[in-house]
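Each remark here refers to the structure printed beneath this line.
Residue numbers (full-length UniProt numbering): 1 to 99.
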């Protein structure tokens, strides 16, 4: 097949699991990590902010915090959805991820 895709949550636990998987590969199959494009990552937003037809997806907490600060520290009027895990996404959002 030629690739291994890591699909973990975007939170701290997901990052830890991702690190454990990479460490496992490095220890037992180091040559695989030398294959260009072998290891790929499926990323989803950790936070989405919506206001009317506007929508912003954030893939890291610092990215969200910087955006929030650009608004003066207030997200008043914005709907903020935190995605704890992949199961938090709706079917429509899942279709967007794979589009």
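We put the CB at the ideal spot given by N, CA and C, even for glycine.
Bounding residues of the alpha helix (DSSP H) (the contiguous stretch that carries residue i)
i: residue 64; result: 61-70
i: residue 98; result: 91-98
Endpoints, the beta strand (DSSP E) within which residue i is located
i: residue 49; result: 47-51
i: residue 55; result: 54-58
i: residue 77; result: From DSSP, residue 77 is part of no beta strand (DSSP E); its letter is neither H nor E.
Cβ neighbour criterion (16 or more within 10 Å) applied to residue i
i: residue 64; result: buried
i: residue 114; result: Lying outside 1 to 99, the shown extent of the chain, residue 114 is not represented and no answer is given.
i: residue 36; result: exposed
i: residue 29; result: exposed
i: residue 2; result: exposed
i: residue 14; result: buried
i: residue 88; result: exposed
i: residue 58; result: buried
i: residue 8; result: buried
Residue j beta carbon less than 9 Å from that of residue i
i: residue 51; j: residue 79; result: yes
i: residue 25; j: residue 4; result: yes
i: residue 33; j: residue 47; result: no
i: residue 68; j: residue 75; result: yes
i: residue 97; j: residue 44; result: yes
Cross-strand partners of residue i (DSSP beta bridge)
i: residue 81; result: 48
Fully enclosed by the UniProt domain "Toprim" (1-40), which beta strand (DSSP E) runs are 3 residues long or longer?
4-6
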